[in-house]
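Visitor: If you scroll down you'll find the structure; I have some questions about it.
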């Protein structure tokens, strides 16, 4: 055991439930949800971010084990010792958390003999981020089990525990230093403990944008696929332009490391030099390696030589591999190799004729063309040309998002005869035969 | 207070060394400490738990030792007691 207090040097930590309780009434998704909310208790007030991963490389591996299980803390059947976790450090067990599989793990149960999994998990994750036991009877870090601590959606850490974790990691940006720690301001409770990553649960219709009627905040080609971002959601198209799902996915659940309170993004592009993905929002930007934000972000857009206020659009033109940024009527040309803005920018009237003077976003595509999006329409500039192709603008919803009637997603939108193939691409979907259009990218 | 039963005493000593109030038992020599050291360890545990620090394995202390809890020690592993020459 590393001498306490130690702490994590990084801020983005991955976790994974490797083994589940074998004889508990709690389903796997509930166990994962409870772990999510128990970690969220600590990430809500510190700069730490936790995200669930599937692989065996998680920083915090969570296991339900019995009796002797290869560490110095054998469990002892029901009661007695119920769980433990390892402090941060450079040993491979750092952060790992073990629960005694002989305990009757419960959630929202009046069973006096049950062990409330959420309460114990909050305590153990306190160890996993570096907090040791304390003698304060009201602290979540005192060593004895004291029963359930209430609903995970409304649980607030005792003040003494907040101060101790702030001493280790500082205060999360969104937690105002002037607010009273015990202030009674209403907190918007997230949904009931549902699986944080349960794709089958559909968000409430009320706030989900509809792909056939919306215009987009950002569009990007990433690893050969197209991503359309709107608010906190995005749609994803495979390389042959088929929608992965008619329902949008939630941005922050896929792109790990974007602040939860971000209400949308302004522009996204994939960097040609290292294939990292750059997200822009206001004055800040994030660089992602695959789907995880890198340490040290967000940073100010002044890194690019861009003025405060951020950008409307960003894309890398296949013709010269330069990155173009757009803001209002102005555009910039950025050289990714020298990491400098080309002289003479910002400038007015971008090199492509026939495209609108202001944009929502732009992207390159596998056909070598550049596509410019604004409102519900898009313009195509074929490869090596400097003017929009004739016949544009066309409808984004119809040509990219499998909507037949751009004004609404009528029954025929997903199928039926007459679905219109986007220009330049023959329609391989089954819609003429009345099949449902569907695709699976992995 | 009545003297604790033998099994309570051994439970107590094992519990105290497991959670950092007594040095871990030497696998060869086992556990050997004076009454004074044991009383100090019990009092430390009672203070940490918010009980009255009597230094005796009384009922409240034994009951708490049977309460479900976290496996980690409360104190970094106790340094071996320095014996008075």
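Chains as they are written, first to last, in the working numbering: chain A, 1 to 442; chain B, 1 to 85. Don't be surprised by glycine CBs; every beta carbon is placed ideally from N, CA and C.
(1) Any contact of the region 368–375 of chain A with the region 229–237 of chain A, i.e. 3+ C-beta pairs under 8 angstroms?
(2) Taking C-beta pairs closer than 8 angstroms, name the residues in chain A that residue 47 of chain B reaches, listed in chain order.
(3) So, under 8 angstroms CB-CB, residue 140 of chain A and residue 122 of chain A are touching, yes? Tell me the CB distance rounded to an integer number of Å.
(4) Buried or exposed: which applies to residue 47 of chain B, given that a residue is buried once 16 or more other Cβ atoms fall within 10 Å of its Cβ?
(5) Is there at least one Cβ from chain A nearer than 7 angstroms to residue 34 of chain B's Cβ?
(6) Thinking C-alpha only, which one of A:126, A:285 and A:136 is nearest residue 307 of chain A?
(7) Do the region 49–64 of chain A and the region 7–19 of chain A meet, that is, are 3 or more Cβ pairs less than 8 angstroms apart?
(8) Go through its chain and collect everything with a Cβ distance to residue 383 of chain A's Cβ below 6 angstroms, but skip five positions before and after it.
(9) Confirm the yes/no value for this check: CB of residue 47 of chain B, any heavy atom of the ligand ADP, distance under 6 angstroms.
(10) At the level of alpha carbons, what is the spacing between residue 32 of chain A and residue 66 of chain B?
(11) Please confirm whether residue 8 of chain B has its beta-carbon closer than 7 angstroms to some beta-carbon of chain A.
(12) At the 7 angstroms Cβ level, is residue 79 of chain A part of the contact set with chain B, yes or no?
(13) When the cut-off is 7 angstroms and only beta carbons count, does residue 58 of chain B lie next to chain A?
(14) Could you give the uninterrupted runs of the alpha helix (DSSP H) lying entirely in the region 129–173 of chain A, keeping only those of 4 residues or more?
(15) Is the CB-CB distance between residue 42 of chain A and residue 125 of chain A below 7 angstroms?
(16) What first and last residue would you give for the alpha helix (DSSP H) that runs through residue 29 of chain A?
(17) My assumption, with CB atoms under 8 angstroms, is that residue 301 of chain A sits in contact with residue 288 of chain A. Please give the rounded CB distance.
(18) Among A:222, A:254, A:250 and A:257, which one has its Cα closest to the Cα of residue 241 of chain A?
(19) Hey, is residue 82 of chain A's beta-carbon within less than 7 angstroms of any beta-carbon in chain B?
(20) Which residues bound the beta strand (DSSP E) around residue 247 of chain A?
(21) Is there at least one Cβ from chain A nearer than 7 angstroms to residue 12 of chain B's Cβ?
(22) Based on the DSSP output, what are the partners of residue 228 of chain A in its beta bridges?
(23) Taking Cβ positions only, does residue 72 of chain B come closer than 7 angstroms to chain D?
(24) According to DSSP, residue 60 of chain A sits in a beta bridge with which residue or residues?
(25) Just how far apart, CA to CA, sit residue 16 of chain B and residue 153 of chain A?
(26) What is the C-beta distance between residue 105 of chain A and residue 26 of chain A, in whole angstroms, given that I count them as a contact (C-beta under 8 angstroms)?
(27) Classify residue 343 of chain A: buried if its beta carbon has 16 or more other beta carbons within 10 angstroms, exposed otherwise.
(28) Using C-beta distances below 7 angstroms, list every residue in its chain close to residue 298 of chain A, excluding the 5 sequence neighbours before and after it, in chain order.
(29) Just checking my contact of residue 30 of chain A with residue 107 of chain A at CB under 8 angstroms: how many whole Å lie between their CB atoms?
(30) Alpha carbon to alpha carbon, what distance is there between residue 102 of chain A and residue 78 of chain A?
Guide: In short:
(1) Between the region 368–375 of chain A and the region 229–237 of chain A there are fewer than three C-beta pairs closer than 8 angstroms, too few to call the two in contact.
(2) Within 8 angstroms Cβ-Cβ: 135.
(3) Residue 140 of chain A to residue 122 of chain A, Cβ: 5 angstroms. Contact.
(4) Residue 47 of chain B should be labelled exposed.
(5) Chain A contact via Cβ: absent.
(6) Ranking the options by Cα distance to residue 307 of chain A, first place goes to A:285.
(7) Touching, yes.
(8) If we look at residue 383 of chain A and ignore the five residues flanking it on each side, its Cβ neighbours are 368 and 369.
(9) With respect to small molecules bound, the structure shown includes none, and the ligand ADP cannot be examined in it.
(10) A direct Cα-to-Cα measurement between residue 32 of chain A and residue 66 of chain B gives close to 29 angstroms.
(11) Chain A, which has no Cβ nearer than 7 angstroms to the Cβ of residue 8 of chain B, makes this no.
(12) Taking CB atoms only, residue 79 of chain A has a neighbour in chain B less than 7 angstroms away.
(13) At a cut-off of 7 angstroms, the C-beta of residue 58 of chain B has no neighbouring C-beta in chain A.
(14) If you keep only unbroken alpha helix (DSSP H) runs of at least 4 residues inside the region 129–173 of chain A, you get 159–169.
(15) Going by C-beta atoms, residue 42 of chain A is nearer than 7 angstroms to residue 125 of chain A.
(16) Looking at the DSSP string, the run of the alpha helix (DSSP H) that includes residue 29 of chain A is 28–43.
(17) Contact doesn't hold; Cβ gap of about 16 angstroms is too wide.
(18) Measuring C-alpha to C-alpha distances from residue 241 of chain A to each of A:222, A:254, A:250 and A:257 identifies A:222 as the nearest.
(19) Yes, contact with chain B.
(20) Per DSSP, residue 247 of chain A belongs to no beta strand (DSSP E) and is neither H nor E.
(21) Chain A has no Cβ within less than 7 angstroms of the Cβ of residue 12 of chain B.
(22) Under the DSSP definition of a beta bridge, residue 228 of chain A partners with A:219 and A:235.
(23) This model lacks chain D altogether; the protein chains it does include are A and B.
(24) In the DSSP secondary-structure assignment, residue 60 of chain A is bridged to A:15.
(25) Between residue 16 of chain B and residue 153 of chain A, the C-alpha separation is close to 36 angstroms.
(26) Yes, residue 105 of chain A and residue 26 of chain A are in contact; Cβ-Cβ is about 6 angstroms, under 8 angstroms.
(27) The residue is exposed, with fewer than 16 neighbouring Cβ atoms inside 10 Å.
(28) Setting aside the 5 residues that flank it on each side, residue 298 of chain A is surrounded in the same chain by 284, 285 and 286, each with a C-beta closer than 7 angstroms to its C-beta; the list follows chain order.
(29) With a beta-carbon spacing of about 6 angstroms, residue 30 of chain A and residue 107 of chain A fall inside the 8 angstroms limit used to define contacts.
(30) CA-to-CA, the gap between residue 78 of chain A and residue 102 of chain A works out to about 5 angstroms.
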